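Trainee:
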Amino acid sequence: RNKARGPLLITAGGRDHTVPAAVSHATRRLYHKSPAVTDLREFPDRGHSLTIDHGWREVAQTVLDWLKERVP
């Protein structure tokens, strides 16, 4: 485990059939044991192409807000 790693944000689409949200939640649980920050943001009505599909601005804003909150 890398104790010196930076904050990690995992994004998940609730309708993602390539990497199902359950996999993203399991990944978060694994990384959550680290002393570093690990967060997950799920977008229930989105598929795998979160950043290039409809509503990408919402995803981008969520990530920007998270960065402002978590990264000094």
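Just so we're aligned, residue 677 is where the sequence shown starts under the numbering used here, counting upward by one.
Glycine is no exception: its CB is placed at the ideal position from the N, C-alpha and C atoms.
These figures come from a predicted structure and were not determined experimentally.
(1) Note the first and the last residue of the continuous alpha helix (DSSP H) segment covering D741.
(2) Closer than 6 Å by C-beta to R717: which residues in its own chain qualify, once you throw out the five before and the five after it? Chain order, please.
(3) Decide if D741 is buried, meaning its Cβ has at least 16 other Cβ atoms within 10 Å, or exposed.
(4) Report all residues from its chain with a CB closer than 7 Å to the CB of G690; omit the five preceding and five following residues, and keep chain order.
(5) Check for me: the alpha helix (DSSP H) holding T703 runs from which residue to which?
(6) To the nearest angstrom, how far is it from the Cα of T714 to the Cα of S700?
Mentor: The short version:
(1) W732 to R746
(2) By the criterion of a C-beta distance shorter than 6 Å, R717 is surrounded in its chain by T687 and T738, once the five residues flanking it on both sides are discounted.
(3) exposed
(4) A697, E718, F719, P720, D721 and R722
(5) Looking at the DSSP string, the run of the alpha helix (DSSP H) that includes T703 is A697 to H708.
(6) If I take the Cα positions, the gap works out to 12 Å.
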